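Colleague: Sharing a structure with you now.
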Amino acid sequence: MKIKSVLSGTSVAVVMLLTGIAINGCTSAAPRPDDALVRAKTAVDQATTAGSGQYAPVDLNSAGSKLQSANEEEAKGNYKQAKYLAEESQVDAELALAKTQDAKAQEAADQVRKGNQALQDQVDQPNNPPLM
Amino acid sequence: MKLHSIQLSGIAASICASALIVGCATTPPENSELNQAQAVYTSASNDPKVAQAAPKQLEKASAALDHSMALEKAGEPQADVDHYAYLTIQQVAIAQQLADADAAQAYIKQASTQRNHMLLQASQQQTQQAQMRTQDANAQAQQSQIQANNANAQAQQSQLQADSANAQAQDARMQTAAATDLAAQSQQQNADLQQQLTALNAKKTNRGMVLTLGSVLFATNKTAMSSGGARSLDKLTQFMHDNPKRNVMVEGYTDSSGGTEYNQGLSSRRADAVQSALISDGINPQRIATKGYGEGYPVASNDTRSGRQQNRRVEIVISDANGDFPQTR
């Protein structure tokens, strides 16, 4: 009986330990996500400078609001939530930047396409006034 | 008691653990964020353009997806799984945007090459047009040259014709001059002849020019010539030397004194005397014919002395230029 009692005490300790780990996993036990917040802000600034407010406003707005929420969550001590929001803000901003760069590239390609078309017309109908 | 408390503790711990497990590890619903992340990542990673354009983004997406799947497999909270799935989806979207931008850049590069090619083409076209214009101008110039050559040839031909015409004109002038000279000469000759005939006291009759050597030449019944008659013959001799084609017919006449037969003979002898005188002056005898007409063809009355003197005569008929006598008695 005494042995059994000792065993029971050990199993309880094990269960308690496991339970503690589980509780730690569910609740926020992460460090302050300062680095993630910095990276997110940098990305948002970069996208804004690149003109994403014009070319990818939805993604940029999402990034901006998530960054704001991230800062708020960090201030509340919800570090994990703040980290997630910061990471998502960063990829949203990066996507906004990529969309902006792509849109600009497409615009440039369109310009070149139109120019080439005009030039092709010139070549096809040499009697038109020269472009050059 | 102690055992009971232990059992209670165990039960409580079990309940607590069960509650935690239920709260953290719910089964993911269909079309969850993770499923979507898996789908877009698979699609993007199979696209070589995306793989080439954005390898870093695909790597991040892959890591986030692995993380999400691991969390889900470990039964971690849905929010965590969803978070990494979201990161996956966004990284894939970024990768696709980069691939699109790369394609646009590639198009611009290719279009620039095409543009340069077309510029070259346009330039060549302009060059060709210019060359064609130059060729046209050259052809026109050649045609003009040919026309000019033709004109020159025509001009040369005209010049030749003009030269020929000039030469002909010159010939004509020379011929005219020659003819004029000839005419002048002929006129001169005619004038000379006329002058000589006049000097001979020749008269134009229907038998031609007739020169009468008067009775002064001969005494009655004589054949010898007087000195004046001889001077008249000198002029005739000169005339016959100057006009070698002209012949003469020497005709003797008498008056009616004496018998007819005698007069016939006398007239012949007088004609012969003239012939002899001409021959002795160097005239070819073949150019001199003689004939005696006796007392025939009197030019005046034989009833008077002066008439008979006129009938005693020698008439010298001068032939035409061919030496012929158009008409004889």
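Each protein sequence line maps, in turn, to chains A and B.
This note's numbering applies: residue 274 is where the first sequence begins, and numbers increase by one.
This note's numbering applies: residue 3 is where the second sequence begins, and numbers increase by one.
Where is the CB? At the ideal position from N, CA and C, for every residue including glycine.
Just so you know, these numbers come straight off a predicted model, no measurement behind them.
What does A:Val317 touch in chain B if you count any residue whose Cβ is under 7 Å from its own?
Modeller: Within chain B, no C-beta atom comes nearer than 7 Å to that of A:Val317; the closest sits roughly 14 Å away.
Colleague: Comparing alpha-carbon positions, which option in A:Glu367, A:Asn389, A:Glu346 and A:Gly388 lies nearest A:Arg305?
Modeller: A:Glu346
Colleague: Just checking: is the beta-carbon of B:Ser64 within a distance shorter than 8 Å of some beta-carbon in chain A?
Modeller: No, B:Ser64 does not count as interfacial toward chain A.
Colleague: Tell me, please, whether the stretch 310-322 of chain A touches the stretch 350-365 of chain A by the rule of three or more beta-carbon pairs shorter than 8 Å.
Modeller: yes
Colleague: For a contact meaning CB atoms closer than 9 Å, what does A:Gly388 contact in chain B?
Modeller: Ala113 and Arg117
Colleague: Where does A:Leu392 sit, in a helix, a strand or coil, going by DSSP?
Modeller: helix
Colleague: Measuring only between beta-carbons, confirm whether B:Pro30 sits less than 8 Å from chain A.
Modeller: Confidence at B:Pro30 is low in this model, with a pLDDT of 49, below 50, so the placement of that residue is unreliable and no value is reported for it.
Colleague: Quick one: list the residues of chain A neighbouring B:Tyr88, beta-carbon separation under 7 Å, in chain order.
Modeller: Glu361
Colleague: If A:Val385 sits next to B:Ile110, beta carbons under 8 Å apart, how far is it from one beta carbon to the other, in whole angstroms?
Modeller: With a Cβ gap of about 5 Å, A:Val385 and B:Ile110 count as contacting.
Colleague: Counting only runs of 3+ residues fully inside the stretch 307-393 of chain A, write out the beta strand (DSSP E) ranges in chain order.
Modeller: none
Colleague: Can you list, in chain order, the residues of its chain whose CB lies under 7 Å from that of B:Leu100, leaving out five sequence neighbours each side?
Modeller: Excluding sequence neighbours, B:Leu100 sits near Ala55, Ala56 and Gln59.
Colleague: Are at least three pairs of beta-carbons, each pair with one atom in the stretch 331-347 of chain A and one in the stretch 374-392 of chain A, less than 8 Å apart?
Modeller: no
Colleague: Could you tell me the distance, in whole angstroms, from the CA atom of B:Ser64 to the CA atom of B:Ala81?
Modeller: 19 Å
Colleague: Got a sec: is the Cβ-Cβ distance from B:Tyr43 to anything in chain A below 8 Å?
Modeller: B:Tyr43 does not count as touching chain A.
Colleague: Taking its Cβ as the centre, do 16 or more other Cβ atoms sit within 10 Å of B:Ser70, making it buried, or is it exposed?
Modeller: buried
Colleague: Rounded to the nearest angstrom, what separates B:Thr262 and B:Leu195 at their Cα positions?
Modeller: 37 Å
Colleague: Within the continuous alpha helix (DSSP H) that includes B:Ile281, where are the two ends?
Modeller: If you look at B:Ile281, you'll find it in the alpha helix (DSSP H) that goes Thr262 to Ser282.
Colleague: B:Asn249 and B:Arg314 - do their beta-carbons sit closer together than 8 Å?
Modeller: By the CB criterion at 8 Å, B:Arg314 and B:Asn249 fall outside the cutoff.
Colleague: Is DSSP giving B:Arg331 helix, strand or coil here?
Modeller: The answer is coil: DSSP assigns B:Arg331 none of H, G, I, E or B.
Colleague: Please classify B:Gln126 as buried or exposed, where buried requires at least 16 other C-beta atoms within 10 Å of its C-beta.
Modeller: exposed
Colleague: If you follow the beta strand (DSSP E) that B:Tyr255 is in, where does it begin and where does it stop?
Modeller: Val250 to Tyr255
Colleague: Please list, in chain order, the chain A residues whose beta carbon lies closer than 9 Å to that of B:Leu100.
Modeller: Ala371, Gln374 and Asp375
Colleague: Using the Cβ count rule (16 or more neighbours within 10 Å means buried), how would you classify B:Ser282?
Modeller: B:Ser282 should be labelled exposed.
Colleague: State the Cα-Cα distance for the pair B:Glu61 and A:Asp394, rounded to the nearest angstrom.
Modeller: C-alpha separation (whole angstroms): 45 Å.
Colleague: How would you write the range of the beta strand (DSSP E) that B:Thr44 sits in, first residue to last?
Modeller: It is not in any beta strand (DSSP E) - B:Thr44 instead sits in the alpha helix (DSSP H) that spans Glu35 to Ser47.
Colleague: Report back the beta-carbon spacing between A:Leu392 and B:Met120 to the nearest angstrom; my notes put them in contact at under 8 Å.
Modeller: 5 Å
Colleague: Among A:Ala376, A:Val396 and A:Ala381, whose alpha-carbon lies nearest the alpha-carbon of A:Ala329?
Modeller: A:Ala376
Colleague: Run the CB neighbour count on B:Glu35, radius 10 Å, all protein chains shown included, and call it buried at 16 or more, exposed below.
Modeller: buried
Colleague: Tell whether a beta-carbon distance below 8 Å holds between B:Gly254 and B:Arg272.
Modeller: yes
Colleague: Kindly identify the DSSP beta-bridge partner or partners of B:Ile318.
Modeller: B:Leu213 and B:Val252
Colleague: Between B:Ala141 and B:Ala153, what straight-line distance do the alpha-carbon atoms span, to the nearest angstrom?
Modeller: 18 Å
Colleague: Using a beta-carbon distance below 8 Å, is B:Leu121 in contact with chain A?
Modeller: yes
Colleague: What's the gap between the Cα of B:Ser146 and the Cα of B:Gln137?
Modeller: 14 Å
Colleague: Tell me the rounded alpha-carbon separation between B:Tyr43 and A:Leu368.
Modeller: 15 Å
Colleague: If the criterion is Cβ atoms closer than 8 Å, does the pair A:Ala323 and A:Gln363 meet it?
Modeller: Contact flag unset, no.
Colleague: Rounded to the nearest angstrom, what separates B:Gln170 and B:Gln159 at their Cα positions?
Modeller: 16 Å
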